[in-house]
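Student: In the UniProt record's numbering, the protein residues as written are 1 to 124.
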């Protein structure tokens, strides 16, 4: 089964669904139905979000399963939240070292995470 298109591929406007049908009993409902925000995510991001829910938000467990670093998992989650309008976009840090120190001081990342960010050259 395919997911509905959230935006028109021609003009970019939001798409609406006009007809729903049960494949079992064949009942049909017609009207105007809007696609929810989650339906706008690509399959890969939906699977990531499902894993996040399955692990009950345990990022360490997600790191282990996906074989990704903490900053990478966190970055993927932040990107999904931004797409859903649940997280404001942070300004790109002009001085990455100062940005990392600020995150360390706030307790948002560990020293190991900071080292990984610097070593891997990841954007956070």
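Ideal Cβ positions, reconstructed from N, Cα and C, are used throughout, including at glycine.
The model shown is predicted, which means the values in this text are computed figures rather than measured ones.
Closest to residue 85 by CA distance: which of 12, 27, 37 and 22 is it?
Tutor: Here residue 85 is taken as the residue at index 85 of the chain shown, counted from 1. Out of 12, 27, 37 and 22, 37 has the C-alpha closest to the C-alpha of residue 85.
Student: In whole angstroms, what separates the C-alpha of residue 67 from that of residue 82?
Tutor: For the purposes of this step, residue 67 is taken as residue 67 along the chain shown, with counting starting at 1. For the purposes of this step, residue 82 is taken as residue 82 along the chain shown, with counting starting at 1. Rounded to whole angstroms, residue 67 to residue 82 spans 23 angstroms at the Cα level.
Student: Relative to the C-alpha of residue 72, which candidate in 56, 16, 48 and 8 has its C-alpha closest?
Tutor: Your numbering for residue 72 matches position 72 in the chain shown. That would be 48, whose Cα lies nearest to the Cα of residue 72.
Student: I need the DSSP call for residue 7, collapsed to helix, strand or coil.
Tutor: Numbered from its first residue, the chain shown carries residue 7 at position 7. Strand, per DSSP.
Student: Under DSSP, the beta strand (DSSP E) around residue 30 begins and ends at which residues?
Tutor: For this step, residue 30 is matched to residue 30 along the chain shown. From DSSP, the beta strand (DSSP E) with residue 30 extends over 28-34.
Student: How big is the Cα-Cα spacing for residue 116 and residue 69?
Tutor: Counting from 1 along the chain shown, the entry for residue 116 is found at position 116. Counting from 1 along the chain shown, the entry for residue 69 is found at position 69. Going from the Cα of residue 116 to the Cα of residue 69 covers about 8 angstroms.
Student: Is the CB-CB distance between residue 20 and residue 29 below 9 angstroms?
Tutor: Stepping through the chain shown from its first residue, residue 20 is reached at position 20. Stepping through the chain shown from its first residue, residue 29 is reached at position 29. Against a cut-off of 9 angstroms, the Cβ pair of residue 29 and residue 20 comes out as a contact.
Student: Taking only the alpha-carbon atoms, compute the straight-line gap between residue 24 and residue 18 and give it to the nearest angstrom.
Tutor: The count along the chain shown starts at 1 and reaches residue 24 at position 24. The count along the chain shown starts at 1 and reaches residue 18 at position 18. Taking the straight line from one Cα to the other gives about 19 angstroms.
Student: Helix, strand or coil for residue 47 per DSSP?
Tutor: In the chain shown, residue 47 corresponds to position 47, counting from 1. If DSSP states are grouped into helix, strand and coil, residue 47 belongs with the helices.
Student: From 26, 33 and 53, pick the residue whose C-alpha is nearest to that of residue 14; which is it?
Tutor: Residue 14 sits at position 14 when you count from the first residue of the chain shown. Nearest option by C-alpha distance: 33.
Student: Quick one: is residue 74 buried, meaning 16 or more other Cβ sit within 10 Å of its Cβ, or exposed?
Tutor: One-based indexing of the chain shown puts residue 74 at position 74. Burial call: buried.
Student: Give, in chain order, every unbroken run of the beta strand (DSSP E) that is at least 3 residues long and sits entirely within the region 62-105.
Tutor: Segments of the beta strand (DSSP E) lying fully in the region 62-105: there are none.
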